[in-house]
Amino acid sequence: MRTALDRASLGVKLGVFSALVTAAVVLIALSSLSLQVRNTTRARFADELARSQRSLQQLEEGKSDQLQLAASIVGKAPSMRYILETWRSETATGTPRADLVSMLEEQLRDVLPRTGGDMLLVTDERGRVFVSQSRSGTGAGTSIARGTDLATVPAVQLALDPSAPSDSGHVAVLRNGPALLQVAVQPLVSGGVTVGALALGRTLDSSYVAAAQKRFDGEVLLTSGSDVVAGTIAALDSATRARLAARDTAAGAPTFTLPIGDEEYVAAPVSLGVTTQGAPVQLWMLAPLTRAVSALTAPLYRGFALYGTFAVLLAGLGAAFAARSVLRPFHQFVAFLRGGAGSTPGMPQRFDASTAAVEVRSLNQSFEVLMDSLRDRRRELEQRTSELAAANVVLTDEISERTRVEAALAESEQQLRQSQKLEAIGTLAGGIAHDFNNLITVISGYGQLALMHAEKGSATEDDLKQVIEASHRAATLTHQLLAFSRKQVLQPTVLDLAEVVDNVAPMLQRVLGEQVELRVHHGESLARVRADRGQLEQVLLNLVVNARDAMPDGGSLEVRVQNVGEAGSDWRSATGVQLVVRDSGSGIPADIRDRVFEPFFTTKEVGKGTGLGLSTVYGIVRQSGGTIEIESATGMGTSFIITLPPVDEQAVVAGVLDDPMDLPRGEECILVVEDEDSVRILARRTLVERGYRVLVARTAEEALEIARGASIDLLLSDIVLPKLSGPQLVERYLREHPAPALVLMSGYADDRLAQYELDASITFLRKPFTPAMLARVVRNSLDAVQGSPLVLHGE
Amino acid sequence: MKNLVIYLEASGSSDALASTARADSARHGRIPQIEERFTPHVLPVMQGATVDFPNEDDVFHNVFSLSSAKAFDLGRYPRGSSKSVTFNRTGTVQVFCHIHGDMSAVVLVLPNPYFVSPDASGHYTLDGVPEGDYTIVGWHERARAVSKRIHVSAGHPATADFNIPVPPGEAAGH
């Protein structure tokens, strides 16, 4: 059932729900209304009863007043008192008069019907019944026996003695057998003296009840204590009677609800008095609440049943109809959604909700917002995807670029390792060459001195010539080593590379021989370079020799000088000057291409090469601030490409040509500073033999000391000295003396020396030197210093 | 004292007392009706006395009695008229008026003339009483009669004090 309801359509649910709610509302309204009717009825009854109670009370009071009045009137009748007075006075004398009793009885019998009462009695002055009369057929019972003492009845007491206490006035209730009588008691006064009492009574019985009921639309009960004397309700159980007896019945006592059997009554008491036995006598008015309520509610129930059913049906149908009409646009909307919901091509993109209810419009609006958002998201997604694709391309490019860069880096590293290796070898070679140089200088020097003194044409002369020749070759080797290790001292000048090449071209051709064709090319407006001319010539020579050896069967050699930079660029815009030496020889295999610059590395036969040719080239180029590259393939020839940085000038220093072999002489004073004894002695001997005055010093300090005591024309100093160096010595010297000719000599160019760039005016003498070289350099320096003073540049 | 009567009863024969000279004044009485009252209310008389009931009011009166000593009904009669009743039997005669219920009188019919009403202070005197033993009675209509034995000797006054319980409104006397 429940699941069936769960599955039912919204319309049915709404219908059932509305019907249930309406039914509940109807029921609630009905029960509240019936409760209200009940309460209202009860209140109405209570009011009515209270009114009835009052009116009945008043009626009762009126009746008892009437009774009282009647009693009073009867009591006023003189004959009654005459008889009583007479009786009393004669009783006092002891003669009872039966005729007086019967006379009084006769009188009462005559009077009683006219009083409206049911019983009439007269007591004597002590309250004992003197005479009584009852109306037959009134339920008042038989006459009360003569002599019955009524003195305890409060009303009688009050009548006989006005000062006696009594709270019930002159009305009392008497029981006479089964009969209950309400009596009004009046005193009988004669001559100001109470001679007896007269009681006029009426029977409180079913006829009394019937009379009371006539004045009241309900049930009536007459109770005495817990006894029901009479009533319109058949039987009362003892509990109800006890309840009635226990009620507070003071005047104006409130009404209360009393259930009797199936009925419920609203009860109101009217007090009639208290019996001689002290039992209160009540007249109860009972308004039948249940009956009245059901009389009122029965049509209500019928009406509610009819209209309620109608309302429930109407509510159910109305709700179902309303649900249908409310849901129809939703159904349409759902149909629209099922039909593609604005995303399928060919279907409407928007649901027309302009005529629909606001909820549907709102729903549609939300849906459209959702769809718009979805479309936006989709567009965004597509855009992201394309962006990602683009980014992927970029990333791929970056990766390949990176791979390329890494490869280049690996190559650079390889080159770096190679150059570091060459550097290390150079350092080692430089150290060895320096020591060797000094030794060779000594060997060669003393060899030549000995030759000078040797006999011409003797075997000794030949031997000495061999020694000198060998020492020359050794000097060349150490010179080459120094060149490779870049520790030789350069004397760079601004050069035109083309001019240098043109100058040495004839010599190069001679080196190449007839089988190799030399072709020289150089471009226009070449930039100048700053380099040592002699060293450059050495570079060219070495490369040419190397090329010749690579072309044993002949070929061609091309020497080209050109600007580096954009095509057609002149010296101003050139970023460098290239010297290219290209042969058509066998080429250099790739596996040894990196090693060709290493000293003593050679592919030539033993004894054919020193293995220092390309090393020397490498050292000179690097020391000149240039680079050298090899382009080669086996069988395709080899190109050596030397690139030198350009200088910002066009000046060219003309080449220095050697003087003839004749050794010059002189008489000037020369100070030789050299810490190496053998070199110092050789230099001193050579110069002394050339006619010069020679002073010698081992250190710069010594030299300065000597100089103070002599006039020095030429200072010949080693560059590397203990403590103060050669250039420092020159600086100190120039502070104290006029500038002499200056010649610095060294076979070693260390880092300290590299700080200095020797002024052109300072002559540099490379060790190892020959006596002829020394003589020529000294003479040239002395001659050059004649006019211009020397200036030492440096820090 | 009003309405209070003291009288003697002979213990032996009553003839001795009845035959005395003072009997004449007791053989006649008068109870006029004045302003609807019998005046006096109590009238002691000697046996055989005649009592007049003159109507001195402007209204009719009807004097009657139901008492066994003398039952009579004088009928209605107007002002100026008077009717008489002779009381031959001793006893208390209650007299009423049929027309006016509040009017009542008592005619106390006694066997001898020796009766008296006490004065305002409650004193009474009976003189001329022969020597002998008597019963002296104090009577009031609302009280029980009080009797006392008394001996009267010549030249010696005898005293009898009474305390008679009289209902409220009535005075007590000696």
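Residue numbers (the numbering used here), protein chains in the order written: chain A, 485 to 1279; chain B, 49 to 222. Glycine included, every Cβ here is placed at the ideal spot set by N, Cα and C. Keep in mind it's a predicted model, so treat the numbers as computed, not measured.
Could you name the residues of chain B that residue i contacts, counting a contact when the two beta carbons are closer than 8 Å?
i: ILE567 of chain A; result: LEU114
i: LYS560 of chain A; result: GLY149
i: THR570 of chain A; result: SER113, LEU114, SER115 and GLN142
Residue i lies in the beta strand (DSSP E); which residues open and close that run?
i: THR426 of chain A; result: Nothing about residue 426 of chain A can be read from this structure; chain A reaches only from 485 to 1279.
i: HIS1005 of chain A; result: 1000–1006
i: PHE101 of chain B; result: 97–102
i: LEU122 of chain B; result: 120–125
i: GLN142 of chain B; result: 139–145
i: ASP181 of chain B; result: 180–188
i: GLY715 of chain A; result: 711–715
i: TYR749 of chain A; result: 747–758
i: LYS50 of chain B; result: From DSSP, LYS50 of chain B is part of no beta strand (DSSP E); its letter is neither H nor E.
i: LEU1248 of chain A; result: Before going on, a small fix: residue 1248 of chain A reads as Phe here, not Leu. Where PHE1248 of chain A is concerned, the enclosing beta strand (DSSP E) stretches over 1247–1250.
i: HIS76 of chain B; result: 76–78
i: PHE835 of chain A; result: Careful: PHE835 of chain A lies outside any beta strand (DSSP E) and carries neither H nor E.
i: PRO764 of chain A; result: 764–772
i: LYS131 of chain B; result: 130–135
Mapping DSSP to helix, strand and coil, what is residue i?
i: TYR791 of chain A; result: helix
i: TYR55 of chain B; result: strand
i: GLY1139 of chain A; result: Low confidence applies here, because GLY1139 of chain A scores a pLDDT of 38, under 50, leaving its location unreliable; read the following figure in that light. Of the three classes helix, strand and coil, the one that applies to GLY1139 of chain A here is coil, per DSSP.
i: TYR1087 of chain A; result: According to the sequence provided, residue 1087 of chain A is Thr. The question's Tyr does not apply to it. In the structure shown, THR1087 of chain A sits in coil (DSSP, three-state: anything other than H, G, I, E or B).
i: GLU1158 of chain A; result: coil
i: PRO597 of chain A; result: helix
i: ALA1181 of chain A; result: strand
i: LEU1229 of chain A; result: It is worth fixing the name first, because residue 1229 of chain A is Met in this sequence and not Leu. Correct three-state label for MET1229 of chain A: strand.
i: GLN816 of chain A; result: helix
i: GLY721 of chain A; result: Looking at the sequence provided, one finds Asp at residue 721 of chain A rather than Gly. It is coil, neither helix nor strand.
i: VAL1080 of chain A; result: coil
i: MET151 of chain B; result: coil
i: ASP1235 of chain A; result: Low per-residue confidence applies at ASP1235 of chain A: pLDDT is 43, beneath 50, and the placement is therefore not dependable, though the value from the model is reported in the following sentence. DSSP places ASP1235 of chain A in helix when its eight states are reduced to three.
i: ALA208 of chain B; result: coil
i: VAL107 of chain B; result: coil
i: ALA1191 of chain A; result: helix
i: GLN81 of chain B; result: strand
i: SER116 of chain B; result: coil
i: ARG1012 of chain A; result: strand
i: ALA1117 of chain A; result: coil
Taking the alpha helix (DSSP H) that residue i belongs to, which residues open and close that run?
i: THR553 of chain A; result: Residue identity check: residue 553 of chain A is Leu in the sequence provided, not Thr. That run of the alpha helix (DSSP H) goes 494–560.
i: ASP1267 of chain A; result: 1255–1268
i: MET855 of chain A; result: 842–937
i: ASN1030 of chain A; result: 1017–1034
i: LEU1205 of chain A; result: Note, LEU1205 of chain A: premise wrong, no alpha helix (DSSP H); not H, not E.
i: GLY1210 of chain A; result: 1210–1220
i: GLN993 of chain A; result: 981–996
i: LEU644 of chain A; result: 638–644
i: SER690 of chain A; result: 690–698
Could you work out which residues of chain A lie near residue i, taking near to mean beta carbons separated by less than 7 Å?
i: ARG124 of chain B; result: Within 7 Å Cβ-Cβ: nothing; ARG124 of chain B doesn't reach chain A, min ~14 Å.
Under 8 Å between beta-carbons, which chain A residues line up against residue i? List them in chain order, please.
i: ARG190 of chain B; result: VAL677
Would the C-beta of residue i count as close to the ligand ZN, meaning under 6 Å from any of its heavy atoms?
i: ASN987 of chain A; result: As far as ligands go, the structure on display features none, and thus does not contain the ligand ZN.
For a contact meaning CB atoms closer than 7 Å, what does residue i contact in chain B?
i: SER674 of chain A; result: SER152
Per DSSP, residue i forms a beta bridge with which residues?
i: PRO92 of chain B; result: B:LEU156
i: THR1127 of chain A; result: A:GLN1062 and A:THR1111
i: LYS196 of chain B; result: B:ILE184
i: PRO671 of chain A; result: A:ALA681
i: GLN1046 of chain A; result: A:GLN1062
i: ILE744 of chain A; result: A:GLU747
i: ALA959 of chain A; result: DSSP, once it has assigned bridges, lists no residue as partnering ALA959 of chain A.
i: GLN617 of chain A; result: A:LEU604
i: LEU1041 of chain A; result: A:LEU1002 and A:ASP1067
Give me the subset of the segment 133–155 of chain B whose CB atoms are less than 8 Å from a CB atom of chain A, sorted by chain position. So the list reads GLY139, THR140, GLN142, PHE144, CYS145, HIS146, HIS148, GLY149, ASP150, SER152 and VAL154, given in the order they occur along the chain.
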